[in-house]
Amino acid sequence: MRRIAFGLLIAFCLSLPAAAPVAAQDNPMEKTILDQIEAFKADDFATAFTFASPSIKSIFMSPENFGRMVKQGYPMVHRPGSVRMLENREVGGRLWQKVMITDQAGRTHILDYQMVEGPEGWLINGVQLLPEPGVGA
């Protein structure tokens, strides 16, 4: 009986990683963020730039400039250890998606992605690194 229960537990745990990407596919906002992070991991800044809103594109002007900014300002996004979607919400008429990223050194970061819907789907209109809990002025 113990072997059966243990076997079921192992089978359940092994099925979890496969289920996570399917959930993101059901949520187009999350998929946009995850697809951009995958592009960053591959150093494919041209593809990553396609997930940026027109206003972000006008600020950085090129995928190369955009990539430099991400590498310098958001290294945890450029080379994440793990990524987990948290809640999304509307604040002041704007949609935000919270994302927890654990970097390769094991430090956890919470980022807030502002999302806008364009004619071809969801785009990232900005990212802010949120302060760690308990840290403030």
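Sequence positions in the sequence shown follow mature numbering (1 follows the signal peptide of the UniProt record, and there is no 0) and run -24 to -1, 1 to 113.
The C-beta atom is built at its ideal place from N, Cα and C for all residues, glycine as well.
Every value quoted in this text rests on a predicted model; they were computed, and no experiment measured them.
- Query: Pick from Phe27, Leu106, Gln80 and Met76: whose alpha carbon is nearest that of Gly97?
  - Reply: Taking only the C-alpha atoms, the option nearest Gly97 is Phe27.
- Item | Pairwise C-alpha distance: Leu71 and Val59 | The alpha-carbon atoms of Val59 and Leu71 are separated by roughly 19 angstroms.
- Task: Could you spell out the range, first to last residue, of the beta strand (DSSP E) harbouring Pro39?
- Result: Note, Pro39: premise wrong, no beta strand (DSSP E); alpha helix (DSSP H) at Pro39 to Gly49.
- For Ile32 and Ile100, believed in contact at Cβ under 8 angstroms, the rounded distance: Rounded, the Cβ-Cβ distance is 7 angstroms, consistent with contact.
- Under three-state DSSP, which class holds Leu10? Helix, per DSSP.
- Item | Straight-line Cα distance separating Val46 from Val67 | Cα-Cα distance, rounded: 25 angstroms.
- Consult DSSP for Asp2 and reduce its assignment to one of helix, strand or coil. Here Asp2 sits in helix by DSSP.
- In the DSSP assignment, what residue or residues form a beta bridge with Asp20? Bridge partners of Asp20: none, in fact.
- Excluding the 5 residues preceding and the 5 following Thr84 in the sequence, name in chain order all residues of the same chain whose CB lies nearer than 7 angstroms to its CB. If we look at Thr84 and ignore the five residues flanking it on each side, its Cβ neighbours are Met76 and Thr78.
- Message: Since Met91 and Met37 should fall inside the 8 angstroms C-beta cutoff, what is the C-beta to C-beta distance between them, to a whole number of angstroms?
- Response: That belief does not hold up - the Cβ atoms of Met91 and Met37 are roughly 22 angstroms apart, past 8 angstroms.
- At which residue ranges does the stretch 50 to 94 contain complete alpha helix (DSSP H) runs of 4 or more residues, listed in the order of the chain? Scanning the stretch 50 to 94 from its first residue to its last, the whole alpha helix (DSSP H) runs of 4-plus residues come out as 51 to 54.
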